[in-house]
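First the structure, in the form of structure tokens, and then the observations on it.
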Amino acid sequence: MHRKVYPVVPPKTEYSLTDFGKTLSPILDAMCNWGNDYLEDK
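Start counting the sequence shown at 68; every next residue gets the next number (my numbering).
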């Protein structure tokens, strides 16, 4: 996760995924799919 703070009023902060953070995408997608399948079974 990358955090960028801007020196303005009111405060402004932006967050973005780093390249390393983006490597988690397949894992998060699999967890999301698992959750959706679980909800459909209920």
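Glycine residues also receive a C-beta, built at the ideal position from the N, C-alpha and C atoms.
Tell me, which residues are paired with residue i by DSSP?
{"i": "K133", "result": "In this structure the chain extends from 68 to 109, so residue 133 is not present and cannot be described."}
For residue i, would you say it is in contact with chain C, using Cβ-to-Cβ distances shorter than 9 Å as the test?
{"i": "L84", "result": "In the displayed structure, chain C is absent; only one protein chain is listed."}
Of the residues the options, which one's Cα is nearest the Cα of residue i?
{"i": "R70", "options": "Y82, P77 and L95", "result": "Y82"}
{"i": "T80", "options": "L95, K89 and M68", "result": "M68"}
DSSP three-state call for residue i: helix, strand or coil?
{"i": "L91", "result": "coil"}
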